[in-house]
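Read through the structure below, which is laid out as structure tokens, and then see the notes.
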Amino acid sequence: MKKKLDIIWNAIIPNNPVLIISIGLCSTIAVSNSVQSALLMTFAFAMVQIPSNIIVSAMRKIIPNEIRVPIFVTVIAAFTTIAALISQAYFNAVYQIIKLYILLVVVNCIIIGRAEAFAYQNGIFDSFLDGVGNTIGYGLVLLTIAVVRELIGKGALAGIQILPDSYQPMLLMVLPPSGFIMIGILTGAIETYLRKKGGKK
Amino acid sequence: MSYIENLLKIFVSSAVINNIILIQFLGLCSYIGLTDSLPNSIGMSFAVIFVTVSSSILAWMIDNWILIPTGLQSALQITAFILVIGSFVGLVEMYIKKASPNLYKAMGIYLPLIATNCLILGVTFINSMNHYDFVESIVSGFGISFGYAIAMLLLAGIRERLRNSDVPEFFKGKAIAFMISGILSLAFLGFSGMIK
Chain X
736 MKKKLDIIWN AIIPNNPVLI ISIGLCSTIA VSNSVQSALL MTFAFAMVQI PSNIIVSAMR
796 KIIPNEIRVP IFVTVIAAFT TIAALISQAY FNAVYQIIKL YILLVVVNCI IIGRAEAFAY
856 QNGIFDSFLD GVGNTIGYGL VLLTIAVVRE LIGKGALAGI QILPDSYQPM LLMVLPPSGF
916 IMIGILTGAI ETYLRKKGGK K
Chain F
1238 MSYIENLLKI FVSSAVINNI ILIQFLGLCS YIGLTDSLPN SIGMSFAVIF VTVSSSILAW
1298 MIDNWILIPT GLQSALQITA FILVIGSFVG LVEMYIKKAS PNLYKAMGIY LPLIATNCLI
1358 LGVTFINSMN HYDFVESIVS GFGISFGYAI AMLLLAGIRE RLRNSDVPEF FKGKAIAFMI
1418 SGILSLAFLG FSGMIK
């Protein structure tokens, strides 16, 4: 049981896809300027990451080694199409804003990377857990950044005004540069934390 | 507005105003991963320009001649585009391996990874969403990848200098690259509103 939990934990902090491995950055920075976009993006990510991990893992014995990447991509493309259509049907307002990034989940390095590095070598249940862990690891970073950016940049959370009217919004926080700066600070923080922790051992 | 003027507008807006890396955040993995050395980032920029322009041509043909007439756009667009790019990168890989083995060795793992660079797929979607015609698609593909090259060279140049400077402990490693990109992005924000 401990080992199963480790699969999830591993993807959240020690091997966080966004902050430690620095992949899947594009969508993280692009959609993190409002909480609603971040939530929809995490939802779309989960809709693709978990099922494609399961499918790749289930088919791993019959996928020939030479053409595995095109097969992974085709599987992922199918789930991305499903995720995009669901988002369009139920969350159209937010979908229209971040449409491009949802379509681009198909080339999200995290998903392809997990298919290649984990699901292709491990059992179905483990791959499912790995998918869940990576979704949490990705979603947490996305939401942390989104909460800070929307709160400071608009004084609101998920479109609801939180700070009093007298608060002067710092518009820079919802503009592109702050995405880079926020992720820089988080990367620095988590790397310092891991360095300290490694030093103690 | 004449047609040429329109093309120029698309080029400038996709290369500078909506710079694909600093304003739209696509293709960041290779941007952060490959900019520790100037020669690498130059090689990558040329490869990306080449693949982007060619796949925007191919994707336009498939989109307008096959997917739209048959009404399959919403269901098959993602799969069709990614397969076009994947097979195209395969072709380029074979060509470079044959024509210039040295370049092939230098590019290493990053050459096949062009297929999963979100910038290139992004360009095909941007062209399709904006309903660009054939020439406009080529210009937009070239403009966007040109903007990518600008951003790559800027960051690579800064990072070469950074090697000799004293970075605070907290920001050592990738964190400082993100902070620099944030400042570059701030600079590029100054171009917004240049074309109305």
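Quick mapping for you: the protein sequence lines, in order, are chains X and F.
Quick note: the first sequence uses this note's numbering, first residue 736, plus one each step.
Quick note: the second sequence uses this note's numbering, first residue 1238, plus one each step.
Note that beta-carbon positions come from the ideal geometry of N, C-alpha and C, so glycine has one too.
**Study point:** Against chain F: residues of the segment 896 to 919 of chain X by CB proximity under 9 Å
**Key:** L907, L910, P911, P912, S913, G914, F915, I916, M917, I918 and G919
Exercise for review: Confirm, please, whether the CB-CB distance from I1286 of chain F to F1383 of chain F is below 8 Å.
Suggested key: yes
**Study point:** Per-residue DSSP class, three states only, for A1414 of chain F
**Key:** helix
Exercise for review: Jot down the residue ranges of each uninterrupted alpha helix (DSSP H) in the segment 1244 to 1286 of chain F, minimum 4 residues, whole runs only, in chain order.
Suggested key: 1265 to 1270
Practice item. Would you mind stating whether I880 of chain X and S767 of chain X have Cβ atoms separated by less than 8 Å? Key: Yes, they are a contact pair.
Check your understanding: Taking Cβ-Cβ distances shorter than 8 Å, what residues in chain F pair up with T879 of chain X?
Key -> By Cβ distance, chain F contributes nothing, its closest Cβ being about 15 Å from T879 of chain X, past 8 Å.
Point to revise | Identified DSSP bridge partners for L892 of chain X | key: X:I895
Exercise for review: Answer yes or no: do M1389 of chain F and S1282 of chain F have a C-beta to C-beta separation smaller than 8 Å?
Suggested key: It is a contact, given that the beta carbons lie within the stated cut-off.
Check your understanding: Helix, strand or coil: which one does DSSP assign to L1421 of chain F?
Key -> Three-state DSSP puts L1421 of chain F in a helix.
Review point. Roughly how many angstroms separate the alpha carbons of F1408 of chain F and R849 of chain X, rounded to a whole number?
Key: 28 Å
Point to revise | Min CB distance T1316 of chain F to chain X below 8 Å | key: yes
Exercise for review: Please confirm if S1422 of chain F has its CB atom under 8 Å from at least one CB of chain X.
Suggested key: yes
Point to revise | Span of the alpha helix (DSSP H) around F778 of chain X | key: Taken as a continuous stretch (DSSP letters only), the alpha helix (DSSP H) holding F778 of chain X covers V770 to A793.
Review point. Is the closest heavy atom of the ligand NAD to the C-beta of I1279 of chain F under 7 Å?
Key: The ligand NAD is absent from the structure shown, which contains no ligands of any kind.
Practice item. For I758 of chain X, go through chain F and note every residue whose CB falls closer than 8 Å to its CB, in chain order. Key: Chain-order list of chain F residues neighbouring I758 of chain X: C1266, by C-beta distance under 8 Å.
Point to revise | Nearest-angstrom Cα separation, counted from I925 of chain X out to P912 of chain X | key: 20 Å
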